[in-house]
Each structure stands twice: as structure tokens, then as C-alpha cells.
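Residue numbers for the sequence shown follow numbering that gives the first Met the number 0, so the first one is 0 and each next one is one higher. Following: one structure in C-alpha cells, then a few remarks.
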Amino acid sequence: MTVSSTLDAPDERAAARESARPRRRGMSERFRNEPAADRILRRLGLTFGLAGVIAGVVEIPEMLDQSRFAPATWSVTLAILAFGPFAVMAAVSVGMSRRVIQVVAGVAATSYVAATALAPLAYGEMTEQTTSLWLYRVFSLGVLAAALAWRPPLAIAYLALAAALAALANRGVLAGGDAWSLAGDFARGAGLSALFLWCAVYARAAAARVDRESAIASSRAAGVAGATARDRERARFAALIHDAVLSTLLDASRGGTESPVLRRQAERTLAQLDEARGGHGGPDRLNAQSAIGFLRAAVHEVNPAVDFTARRWAGHDDLRMPVRAASSVAAALTEAVRNSLRHATMPGRTVRRGVTVTVSAGGIRVIFRDDGAGFDLREVPADRLGISVSILGRMRQLAGGAAFVESEPGEGTTVTLVWGSNG
């Protein structure tokens, strides 16, 4: 039992670490995806909270010196009211929600006003050597907290009220002073804090503007993506109609009689229409052997007499080809074969046709050649969609795909189709 528990302890610790990782990843993902307004609020909350803690530490000597003029209980209470909420604000800004940060910031701003209002009751009249009440010197902290807690109009109202209270508290405990001194204290406190308030409000407004622009950009991107997807779908259906439906009807009208090849072509056309309507099934990706078999079957459905050769590089044939990509390559390849059967025939001799498939690391190259009549690419009519749409256009729309057509009159035609998983 002792050995078992000793061995199990590291496993339990490892399991605890593993269970904690998803939580850390979840928090990291949440912070990374939160709006800019929330991020800036969180950072400002942490910054202002730490500033309050640092100010409290810096003011300790002055608070101890001025505690001679007030009971110890009052001195400690005022210090806690003035600086305590800022430590809490720094802590909650690390991992809590926007709402919690704003509530704590509101408490910090209100708590400072309460401390300032109680100061004249706590302190007696100070000596002439005292230049200012310590609460007056940290007045800007309350304004910064208000900038996080409330909207700009309320924060500005808080600035005016807190500046008046701080000036009154400062003059109420100092020896001497008149109305001009009171006005000067108010102007100094309000003026400096107004600058801090403007910076905080501007930072939050800029973050909100970033969120609005991001939402607009996302909406536009979604619209463009939707339009692109619709255009791609239209092109896919146009190619399907040309390659399958019209080709089947054209071959049927030319043949005059039913043949096994024509029957299989019609069955495949119906199957493709069913798949386009939303059919599912089969694996998501094909390995090298499956992709080669898929292309061979597609070619031989059009014409079993076409030679088919497959080459695989030893050690570099770990192909993982999406079914949609394989379907696009197969459709372009079969269109090339059909075009050759229709247009490459030469009187008096047999036209040789062959397909060579080469599978390499993460990609596939398909070459279809015939030694038939050939043609001049520059003289192909614009309304002939077999090459421009069904071969070149289809492969152009396929991520990682490309197609090339080479032909000369009397020299035959070569169609090269390339797909690579790296794009």
C-alpha cells in the first residue's frame, strides 16, 4: 500500500495540473476575445488600483505626522476609506468581469468622498507647518475611479463635488487661510484632476470606437464572404450543369442508341445532382490510394479506353486530400477527357489518350494528354465554357489548385491539374 500511494501521488498531481490547463486556456481565450472597451477598462482598473496602493504607501509618513491631530481610530478609518478600495480594484481587474470592476471603482470613488467629508470632524486644527491635508493631495485618485465607474457627465459632476469637498476639508483643518486660498485649492485640485479625467475618458471612448469599427468591418467581411460563397456556388452549379447534365444530353443526342457508357454517365449525373442538393456520406479525406482510385473511376466512367497510369514517390505519398478537392480535380479531369472525345478526333487514325497521376508529399499532379487534332487557345469562342469554367475556373476556385492547358493545331492537347495541401 505504501508503494502504491507513493506512486499514485505524482499521478494525482499531474492529473490536477492537466485539469487546471483547460481552465487557464479558457480564461486566456476569454480575455483574448473580449471587446477592446473591456480590455482597456481592465487595464485602467489595474493601473489605477495599483496607483492607489502606491499613493497610500507614499503618504504613510504624512498620515503618521498628521495623526497627532486626530484620534488613532479616525486616522486608520480615513486611510482605509481612502486607499482600501483601490487594492480591491487592482485585484478584481485581473480576472473579474467588466461589471464587477465598475462596481468596485464606484465604491472607491464614493469611499474617497466619504473620507474627505469626515476629515474635518476627525482632525483638529493643524499647525502652520502643515501645508495641506494628505487627503487633498490624493484627490485625483477618486476622480480616476469615477472615470471608470460612470459615464462622463456623472464623472464630471463627481469632479466638481469632490474638488469642492477636498478644498473645504483642506482649509477646514489648516490654520489661517481665506476665500482666495479656498478658491486656489479648488482650482488646483479640479484642474489637475480634469486632465486625468480627460485622458481616462478619451482612452475608453477610443476603445469603444475600435469595437464599433470592428463590428462594422466584421459585418462587411461577412457580407463579402457570403457573396463570394454564393458566387462560388453558382459557378459550381454552372460547371455541374455543363459537365454533367448538358454533356449527358449532348452525348445522348449524338449517340442515337443507348449504350452502357451513356447509361453510367446518366446515373453519375443523377448522383451528382443528389450530392449537390445536400447529400452526405463517405470520408472527409482520401489517402493516396483512394484518391488515385477515385480519379481512375471518374475517367473510366467517361471512357474505359483511356490509359491511366499512377506514380507514387516512395516515402512521399502521405496524401490527405479533402473529398471536395478530389471531386473538383476529378470533374476538371473528366471534362478534359470529354472535350478530347468530342473535338480531338482525326480522320484516318486513332487518337491516343492517357492520364498520368503523380502523388508526392502533400500534393497531386494529374496530366491528361492526347495526340489528336489540337486547337488554338486564342481562337476558342468566349461562350465555350468547357475550358474556361469547367477546367481552369474550377481549379482556380479550389484552394491550392491550379490548371494549365497547352495545345497546338495538329499537335494534340495537354491538360495539367495540380493540387497541393499547402496552397
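C-beta: ideal position from N, C-alpha, C; glycine also. Predicted, not measured: the structure shown is a model, and the values here were computed from it.
Residue 159 burial status per 10 Å Cβ neighbour count (16 or more: buried): exposed
Where residue 374 falls: helix, strand or coil (DSSP): coil
Whole-Å CB distance - residue 423 paired with residue 140, under 8 Å assumed: Outside the displayed range of the chain (0 to 422) lies residue 423, so it cannot be described from this structure.
Whether residue 68 touches residue 157 by CB criterion (8 Å): no
Whether residue 318 touches residue 294 by CB criterion (8 Å): no
For residue 391 and residue 403, the rounded distance between their alpha carbons: 7 Å
Spatial distance of residue 411 from residue 349 (CA atoms): 12 Å
Local Cβ density within 10 Å of residue 308, reported as buried at 16 or more and exposed below that: exposed
Local conformation of residue 301 per DSSP, three classes: helix
Neighbourhood of residue 419 by C-beta distance below 7 Å, restricted to the same chain and skipping five residues each side: 361, 362 and 399
Of the listed residues 300, 394 and 371, nearest to residue 328 (C-alpha basis): 394
Residue interval of the alpha helix (DSSP H) (run including residue 391): No alpha helix (DSSP H) holds residue 391; DSSP gives it neither H nor E.
Given 8 Å, three or more beta-carbon pairs between the stretch 43-50 and the stretch 59-73: no
C-alpha distance - residue 321 paired with residue 297, whole-angstrom precision: 16 Å
Contact belief for residue 87 with residue 124 at Cβ below 8 Å, rounded distance in angstroms: In fact, because the Cβ distance is near 33 Å, the residues do not count as touching under 8 Å.
Residue 120 vs residue 169 beta-carbon contact at 8 Å: no
Enclosing alpha helix (DSSP H) for residue 401 [first to last residue]: Note, residue 401: premise wrong, no alpha helix (DSSP H); beta strand (DSSP E) at 400-407.
Residue range of the alpha helix (DSSP H) that includes residue 359: Premise fails: residue 359 lies in the beta strand (DSSP E), 352-359, not in any alpha helix (DSSP H).
Alpha helix (DSSP H) segments (min. 4 residues) lying fully within the stretch 31-64: 35-57
Ordered list of alpha helix (DSSP H) runs contained in the stretch 126-176, each at least 4 residues: 133-136, 138-148 and 151-172
Distance between beta carbons of residue 118 and residue 77, contact taken as under 8 Å: 6 Å
Per DSSP, the bridge partner or partners of residue 416: 365 and 402
Spatial distance of residue 429 from residue 396 (CA atoms): What is shown of the chain runs 0 to 422, which leaves residue 429 out entirely.
Residue 510 (DSSP reduced to helix, strand or coil): Lying outside 0 to 422, the shown extent of the chain, residue 510 is not represented and no answer is given.
Backbone secondary structure at residue 321 - three-state DSSP: strand
As assigned by DSSP and simplified to three states, the class of residue 21: For residue 21, the predicted structure reports a pLDDT of 49, less than 50, and the residue's modelled location is therefore unreliable. A value from the coordinates is still provided. Looking at residue 21 - three-state DSSP - the assignment turns out to be helix.
Short Cβ contact (8 Å threshold) for residue 210 with residue 35: yes
Residue 344, DSSP secondary structure in three states: coil
Nonlocal neighbours in the same chain, by C-beta distance under 7 Å from residue 8, ignoring five residues either side: Residue placement at residue 8 is poorly supported in this model, since its pLDDT is 47, which falls under 50; the coordinates still yield a value, given next. Closer than 7 Å at the Cβ level, and outside the excluded window around residue 8, lies no residue.
Nearest-angstrom Cα separation, counted from residue 207 out to residue 107: 24 Å
One or two residues paired with residue 285 in a DSSP bridge: 320
Coil, strand or helix - residue 123 by DSSP: coil
Inter-residue Cα distance where the pair is residue 288 and residue 343: 30 Å
Of the residues 90, 91, 339 and 84, the one placed nearest residue 113, counting alpha carbons only: 84
Pick from 64, 134, 290 and 408 that is closest to residue 355, judged by C-alpha positions: 290
Of the listed residues 304, 201, 167 and 100, nearest to residue 138 (C-alpha basis): 167
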